[in-house]
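Protein chains in written order, with numbering that gives the first Met the number 0: chain A, 0 to 410; chain B, 0 to 361. Report on the following structure.
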Amino acid sequence: MAPILLWLVMVLCLLISVVKYIMGIILKVAFPSTEIKKDYSYQPRVSVLMPCFNEGKTVYETIESISKSKYPSDRFEVIAQDDCSVDDSYEWMLKAQRDFTNIRIRTGKNAVNSGKARTVCNALELSNAEVIISIDSDCIFHEDAITELTACFSEPRVGSVGGRVGVRNPNDSVITAIQAVIYYSAFQLYKVPENWTRSVCCISGCLFAIRRDLLSEIEPAIRARHWFGIPVNQGEDRFLTHQTLLRGYGTYINNDALCWTTVPNNISVLFKQQLRWRRSIVRDFFYTLRTLPQHVWKLHPNTVFTLVLTPLGAIVAFLVVLTMLSSDPLAWAGPLPLVGALGIGAVLTWVIKKYSSREALANPLAFGAYVAWSMVSSLLLTPLALCTMDSADWGTRTKEEPEVPLGNTAH
Amino acid sequence: MATPLINAVAPPPKKKTPDLHALHYKLVINLYRVFAVTILYLVLAGILAYAFVMGFYAINSSWAAPLILSSVDEKSLDFRVKLVTSQQTIEDVKVDAQKMQSGIAEMTKHRAALLELETPLKEAIVREQAHNKANGPQLAALDTQKQADNAKTQQVLAQLKEVESNIHKDLAAGLITKGDAATQLSALNQAQGAYTDSKIAEVLLTDSILQKTTTGTDSLEVLEKQAELRSEAAQLDVAIHIAQKELYEDNRQIDRLRDAIQTAKQSPYYLNAAGGKQLYFAFVPYDNQASAVAGSAIYDCYLNMLVCRKVGTVTQAFPGEEAAIHPIFKTNIRGFLIQMNLDHPESAKSKTVFLDRKPLLF
Numbered sequence: 000m001a002p003i004l005l006w007l008v009m010v011l012c013l014l015i016s017v018v019k020y021i022m023g024i025i026l027k028v029a030f031p032s033t034e035i036k037k038d039y040s041y042q043p044r045v046s047v048l049m050p051c052f053n054e055g056k057t058v059y060e061t062i063e064s065i066s067k068s069k070y071p072s073d074r075f076e077v078i079a080q081d082d083c084s085v086d087d088s089y090e091w092m093l094k095a096q097r098d099f100t101n102i103r104i105r106t107g108k109n110a111v112n113s114g115k116a117r118t119v120c121n122a123l124e125l126s127n128a129e130v131i132i133s134i135d136s137d138c139i140f141h142e143d144a145i146t147e148l149t150a151c152f153s154e155p156r157v158g159s160v161g162g163r164v165g166v167r168n169p170n171d172s173v174i175t176a177i178q179a180v181i182y183y184s185a186f187q188l189y190k191v192p193e194n195w196t197r198s199v200c201c202i203s204g205c206l207f208a209i210r211r212d213l214l215s216e217i218e219p220a221i222r223a224r225h226w227f228g229i230p231v232n233q234g235e236d237r238f239l240t241h242q243t244l245l246r247g248y249g250t251y252i253n254n255d256a257l258c259w260t261t262v263p264n265n266i267s268v269l270f271k272q273q274l275r276w277r278r279s280i281v282r283d284f285f286y287t288l289r290t291l292p293q294h295v296w297k298l299h300p301n302t303v304f305t306l307v308l309t310p311l312g313a314i315v316a317f318l319v320v321l322t323m324l325s326s327d328p329l330a331w332a333g334p335l336p337l338v339g340a341l342g343i344g345a346v347l348t349w350v351i352k353k354y355s356s357r358e359a360l361a362n363p364l365a366f367g368a369y370v371a372w373s374m375v376s377s378l379l380l381t382p383l384a385l386c387t388m389d390s391a392d393w394g395t396r397t398k399e400e401p402e403v404p405l406g407n408t409a410h
Numbered sequence: 000m001a002t003p004l005i006n007a008v009a010p011p012p013k014k015k016t017p018d019l020h021a022l023h024y025k026l027v028i029n030l031y032r033v034f035a036v037t038i039l040y041l042v043l044a045g046i047l048a049y050a051f052v053m054g055f056y057a058i059n060s061s062w063a064a065p066l067i068l069s070s071v072d073e074k075s076l077d078f079r080v081k082l083v084t085s086q087q088t089i090e091d092v093k094v095d096a097q098k099m100q101s102g103i104a105e106m107t108k109h110r111a112a113l114l115e116l117e118t119p120l121k122e123a124i125v126r127e128q129a130h131n132k133a134n135g136p137q138l139a140a141l142d143t144q145k146q147a148d149n150a151k152t153q154q155v156l157a158q159l160k161e162v163e164s165n166i167h168k169d170l171a172a173g174l175i176t177k178g179d180a181a182t183q184l185s186a187l188n189q190a191q192g193a194y195t196d197s198k199i200a201e202v203l204l205t206d207s208i209l210q211k212t213t214t215g216t217d218s219l220e221v222l223e224k225q226a227e228l229r230s231e232a233a234q235l236d237v238a239i240h241i242a243q244k245e246l247y248e249d250n251r252q253i254d255r256l257r258d259a260i261q262t263a264k265q266s267p268y269y270l271n272a273a274g275g276k277q278l279y280f281a282f283v284p285y286d287n288q289a290s291a292v293a294g295s296a297i298y299d300c301y302l303n304m305l306v307c308r309k310v311g312t313v314t315q316a317f318p319g320e321e322a323a324i325h326p327i328f329k330t331n332i333r334g335f336l337i338q339m340n341l342d343h344p345e346s347a348k349s350k351t352v353f354l355d356r357k358p359l360l361f
């Protein structure tokens, strides 16, 4: 009975995903009117918050890309906040501050290492703009990114807007090729039905715009996030999106607001990143379950389904794979999953080449390796995430440090 | 877990609550970490065990998968039904063969009797022909003589008409009495009758001569009988030949069925269905054939491969091919069955046993 139930949940989760992808195609092709009405004349004051930790020279390149933004330079500023990097990140920040004088750049440094979420909050203290854009310090931004994001806020009920994250290094390895396909399909298909109902469940922290008032309202909750006394510093993007929705605002991803990130090109870094994300998903799932009545009353049914079934699918996938391997240890070695992955990979590779040549894949067969990764992901990530909920670090770059009263050293 | 609810964030800390909370949190976190570490080690152990088992069964060449055949096992029952059917067929064919043999004997006897008739028949025909050849001319001469006698008698009879007329005249004239006249007339009639008889004898003689000097219908009937006799003998020859062939085929079929039954009796399913006591079998893949020799030791291990003990020996290997599912990989594999003599019958329920040697030297 239990295995049947597991399979049923698994099938339901997969079905929802497939339906979302198909709906994404239909909406994109046949109903472009479902996209948000952008008003480029709306030009609020913008603060671009850039929390940084051990990024080195990349932080300079990131600020450089922002400095090339077409958004009126007197209408935005960059606030770079260092979280006590042990490398020369802060020096690069200061250099960027000196070099890119066409825009206003402010830098700050936490008194102690505090994690990304609290670093964003600290940076927020330095801002008084109407719209806050939180970015990752290892991304490169399109010159229209800020313009595209702010144009979406002309719709009053939209609280948070995200951009599309593209992969800078799709052809570094098979691992980056897989991620390029997944990133592209997630933004261009999977999230499109969520866009339709203005209820995107997770806006990427790489490029996250939010109304200042809303962020100020949520900030105490961000600072107060903890897990049995251990501060939660990860998954602030998912948390912010979730909170935006629960406060009655809409969320949206504008695929014309582009940024480019360098994705992990080895399995170890990818695993750590995915573990961090999986932990956020699981944490969000528990939160959703704990406040389910609130969700049911306030959110669109699609959103509730996505918030519940996506993490549930991850948990169930672990149990299903476990059951499958114990009954048929070589089930994963059959040709069907590989053929399926190769088919999907071939189609998406063609689409990416046609519509986003910058991310074009040199090896269309690379996506076949997704079968192996999905096994690893299903089998290891979920139990590991469930067993490391007390982790509070930056994921791949530091060790855990105790929470202390936050402070700023502004420049 | 402890993320604050909306509109309920950051409650103002009370003086004593944080200590209690801190204690509570510390307890929960410690318990969680113990639980998490245990789970993670279990997961790690599971992964390592999985990898080890996969690798072990990929390279091991001495495992066999025990299987318990029930006497009501479908295959055994099927086998038994087929055996009974084959035995019944043998009996039926034997009865047919016996019938065939009796028929052949009867036909052979009948044929011999027919062939025995032919010689006397031939002799009779020859004898009759010789007799006719001798009697025919004699009868012809007698016939000529008879014809001459009859011609003379006819002339005498023509004179008798005048005598008869004179008798009537004498009677009318009263020269003779009526009695005399009647006596004389009667004598005349007798002479007339004798002539007629003589003519009849002449015709019969002619007939007889015809039969003896030419091939008549009687001769033809005899020849027909002779031909029928030969035909019947020839038909019997054919029938006997066919029957002998059928008998040969029946005997061959009986031999074949006996061979098949003999082979079937070497099958584990027959042994299982026919034998009264519990027998133990195991499937051996072809890759492990070298270890499956009669007399080889059988080892049963804990956790399918660790800490093994000798539990019996291989009794025999059966020649027929069997298909089975790999007990670990769940793939289709080909191999054969062996019979095991187990000192520890519970080992027949193990997932795998090992032949000839312990898999990991302990």
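A virtual CB, placed ideally from N, CA and C, is assigned to each residue, including glycine. As the structure is a computational prediction, the values presented were derived from the model and not from experiment.
Residue 28(B) has a beta carbon lying within less than 8 Å of a beta carbon in chain A. Between residue 317(B) and residue 305(B), the C-beta gap is not smaller than 8 Å, which leaves the two residues out of contact.
DSSP places residue 165(B) inside the alpha helix (DSSP H), whose first and last residues are 73-171. Judged by DSSP secondary structure, residue 259(A) falls within the beta strand (DSSP E) whose first and last residues are 249-260.
Close to residue 387(A), with beta-carbon spacing below 9 Å, are these residues of chain B in chain order: 35, 39. When C-beta atoms of the stretch 320-335 of chain A are compared with those of the stretch 217-229 of chain A, fewer than three pairs fall below 8 Å, so the two segments do not count as touching. In the three-state reduction of the DSSP assignment, residue 283(B) falls in the strand class. When C-beta distances to chain A are compared with 7 Å, the residues of the stretch 327-346 of chain B below that value are 327, 328, 329, 330, in chain order.
Distances from the CA of residue 315(B) to each of 124(B), 127(B), 359(B), 354(B) were compared; the closest alpha carbon is that of 354(B). Put simply, the CB of residue 288(A) is far from chain B, with every gap to its CB atoms at 8 Å or more.
In the three-state DSSP reduction, residue 298(B) falls in the strand class (E or B).
Secondary structure of residue 285(A) (DSSP, three-state): helix. By the Cβ-count criterion, residue 354(A) is exposed, with fewer than 16 other Cβ atoms from all chains shown falling within 10 Å of its own Cβ. DSSP places residue 211(B) in the uninterrupted alpha helix (DSSP H) bounded by 177-212.
Secondary structure within the stretch 46-103 of chain A: the beta strand (DSSP E) runs of 3 or more consecutive residues, fully enclosed, are 75-81 (chain order).
Neighbours of residue 329(A) in chain B, taken as residues at a C-beta separation under 7 Å, are given in chain order as 328, 329, 330. Along the stretch 227-243 of chain A, the positions whose C-beta sits under 9 Å from a C-beta of chain B are 227, 228, 229, 231, 238, 242, read in chain order. The C-beta separation of residue 363(A) from residue 387(A) comes to about 35 Å, leaving the pair out of contact by the 8 Å criterion.
Look at residue 50(B): its C-beta is not under 8 Å from any C-beta on chain A. Listed by position along chain A, the residues whose Cβ is nearer than 7 Å to that of residue 53(B) are 328.
Contact of residue 324(A) with chain B by beta-carbon distance below 8 Å involves 49. Taking 8 Å as the cut-off, the beta carbon of residue 299(A) is found no closer than this to the beta carbon of residue 390(A). Residue 372(A) counts as buried, since at least 16 other C-beta atoms from the protein chains shown sit within 10 angstroms of its C-beta. Rounded to whole angstroms, residue 105(B) and residue 223(B) show a C-alpha spacing of 25 Å. Considering only 280(B), 200(B), 80(B), 120(B), the residue with the shortest C-alpha distance to residue 225(B) is 120(B). Sequence-ordered contacts of the stretch 355-386 of chain A with chain B read 378, 379, 382, 383, 385, 386 [C-beta pairs closer than 9 Å]. When Cβ-Cβ separations below 8 Å define contact, residue 352(B) makes no contact with chain A.
Neighbours of residue 263(B) in chain A, taken as residues whose beta carbon is under 9 Å from its own, are absent, since the nearest beta carbon is some 35 Å off. Contact check for residue 64(B) against residue 350(B) passes: the beta carbons are separated by less than 8 Å. Relative to residue 208(A), the option among 124(A), 62(A), 311(A), 45(A) whose CA is nearest is 45(A). Excluding residues up to 5 positions away in sequence, nothing lies with its Cβ nearer than 7 Å to the Cβ of residue 196(B) in the same chain.
DSSP places residue 322(A) within a helical segment (H, G or I) once states are collapsed to three. Between the stretch 230-240 of chain A and the stretch 270-287 of chain A, the count of C-beta pairs closer than 8 Å reaches three or more; the two stretches touch. In the structure shown, the three-state DSSP call for residue 359(A) is coil. Excluding the 5 residues flanking it on each side, residue 141(A) has same chain C-beta neighbours closer than 6 Å at 257, in chain order. Residue 109(A) sits buried, since 16 or more C-beta atoms from the chains shown fall within 10 Å of its C-beta.
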